[in-house]
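In our numbering, the protein residues as written are 2 to 441.
The following block contains the structure:
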């Protein structure tokens, strides 16, 4: 576990430190597209954040290959090299798209090629554990088609949900956290070395997202762009493929005893079929709804619009930050709820807890304009919008001598420049602060 934590910290640190220089490079390179009709931000914001995330991935793989307990993953398996090859290809296509706006069909073809590159190097689904049937071996063509389909669906699902500041990176980080706990349990609890690559991939993905999130939270200073969203989608799919199609269910020695006992004990094996889907359940639901909606209106499935789930949350009255937190909540509830059920499937408390949390989530959806107020003792630790009496005592009351004597200073709103963020509200509300010595 210490080696995994070290790998995570190195990946997050490299991603975090490189994001600032990458932002300046993106501004200099002109990777700042104009505001589109479907965008929720009001200022041109640089993209290419995926460059920092990719180098964070490379740094994490380099460190892991020199650690005593993780170096065996590179010696016994070719999956890390397969992941790096596919990630480099999809990242390069994403960088070109962030700068030159590549056609959607070309990107789709590149995603399939990247998945094929990983398949050629051994990262593919070899068999499937099916409830009531057992382990079903797949032919080479079946495994290839299933692997490519899973990679393409996951990449586009993550790409579709990348519409608000910090949404895609935060949801992917939550998904990777749940997947890491599951993969680590299979690897350490059942001593199955084949689950080690998936565990490593999940740790790298968590580090990449955590390192990028401080720069991408609302108001964001940089976007990950397609170079980042397609990259993290591919890594998430690679983790699911590795542990689903590479870990032999028979190695767990659970298909013993009666049929009911074997089925109950086989839940840790069947969960890989469900967990990747629950991890990306919200992005996939958004993807399916978008395709149906656009096709119904006679548009191309790849045509962009403002009908995504996060757009709907903004339309019904939720703020930008609250819409992101609601999406975080549902992602965590689905992913960790499935994970908890796979560990303790006989406990009804888990089901009841999921039901209660789901009800709480529905209440949050129905109260978009409800803003909780923090108590007085906690006002110093919360954002200003949650403070009640922060400025009430400092401002003179209307009609008082102090209020009449105080000069009224008009502050002209000034639009934020490229150093601003993609906020819905205005970021620069006061007069421009010029440096000393500069002409006015």
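The beta-carbon is built from N, C-alpha and C at its ideal position, and this holds for glycine as well.
Rounded straight-line distance, which links the Cα of residue j to that of residue i
i: residue 127; j: residue 144; result: 6 Å
i: residue 297; j: residue 290; result: 10 Å
i: residue 85; j: residue 121; result: 13 Å
i: residue 52; j: residue 27; result: 10 Å
i: residue 24; j: residue 349; result: 49 Å
i: residue 46; j: residue 32; result: 8 Å
i: residue 4; j: residue 378; result: 40 Å
i: residue 98; j: residue 161; result: 15 Å
i: residue 146; j: residue 54; result: 28 Å
i: residue 342; j: residue 360; result: 18 Å
i: residue 94; j: residue 170; result: 19 Å
i: residue 141; j: residue 103; result: 32 Å
i: residue 226; j: residue 321; result: 19 Å
i: residue 109; j: residue 339; result: 30 Å
i: residue 118; j: residue 83; result: 7 Å
i: residue 74; j: residue 317; result: 48 Å
i: residue 353; j: residue 80; result: 39 Å
i: residue 282; j: residue 192; result: 29 Å
i: residue 286; j: residue 295; result: 14 Å
i: residue 367; j: residue 63; result: 47 Å
Neighbour-count burial assignment, residue i, 16 or more Cβ in a 10 Å radius
i: residue 70; result: exposed
i: residue 112; result: buried
i: residue 2; result: exposed
i: residue 129; result: buried
i: residue 363; result: exposed
i: residue 76; result: exposed
i: residue 197; result: buried
i: residue 337; result: buried
i: residue 228; result: buried
i: residue 381; result: exposed
i: residue 67; result: exposed
i: residue 107; result: exposed
Proximity below 8 Å, CB of residue i to CB of residue j
i: residue 235; j: residue 91; result: yes
i: residue 180; j: residue 240; result: yes
i: residue 114; j: residue 187; result: no
i: residue 16; j: residue 213; result: yes
i: residue 314; j: residue 335; result: no
i: residue 8; j: residue 205; result: yes
i: residue 332; j: residue 177; result: no
i: residue 148; j: residue 173; result: no
i: residue 152; j: residue 116; result: yes
i: residue 11; j: residue 60; result: yes
i: residue 50; j: residue 157; result: no
i: residue 238; j: residue 136; result: no
i: residue 164; j: residue 219; result: no
i: residue 208; j: residue 65; result: no
i: residue 199; j: residue 184; result: yes
i: residue 242; j: residue 210; result: no
i: residue 100; j: residue 203; result: no
i: residue 56; j: residue 6; result: no
Collapsed DSSP secondary structure at residue i in the structure displayed
i: residue 410; result: Caution applies to residue 410, whose pLDDT of 43 falls short of 50 and renders its modelled position unreliable; the value that the coordinates give is listed next. Correct three-state label for residue 410: coil.
i: residue 129; result: strand
i: residue 136; result: strand
i: residue 185; result: helix
i: residue 47; result: coil
i: residue 216; result: helix
i: residue 193; result: coil
i: residue 224; result: coil
i: residue 33; result: coil
i: residue 58; result: helix
i: residue 260; result: Interpretation of residue 260 is limited by its pLDDT of 47, a score under 50 that renders its predicted location unreliable; the figure taken from the coordinates is listed afterwards. Residue 260 falls in the helix class under three-state DSSP.
i: residue 299; result: coil
i: residue 242; result: helix
i: residue 438; result: Unreliable positioning characterises residue 438 in this predicted model, as indicated by a pLDDT of 43, which lies under 50. A coordinate reading is not provided.
i: residue 69; result: coil
i: residue 288; result: helix
i: residue 175; result: helix
i: residue 52; result: helix
i: residue 376; result: coil
i: residue 317; result: coil
i: residue 124; result: coil
Where the alpha helix (DSSP H) through residue i begins and ends
i: residue 80; result: 80–101
i: residue 327; result: 321–344
i: residue 156; result: 141–162
i: residue 22; result: 3–30
i: residue 115; result: 105–121
i: residue 361; result: 349–367
i: residue 166; result: Careful: residue 166 lies outside any alpha helix (DSSP H) and carries neither H nor E.
i: residue 72; result: 72–77
Near the ligand SAH: residue i beta-carbon under 7 Å from a heavy atom
i: residue 61; result: Inclusion of the ligand SAH in the displayed structure is not the case, the ligand content being empty and no account of it being possible.
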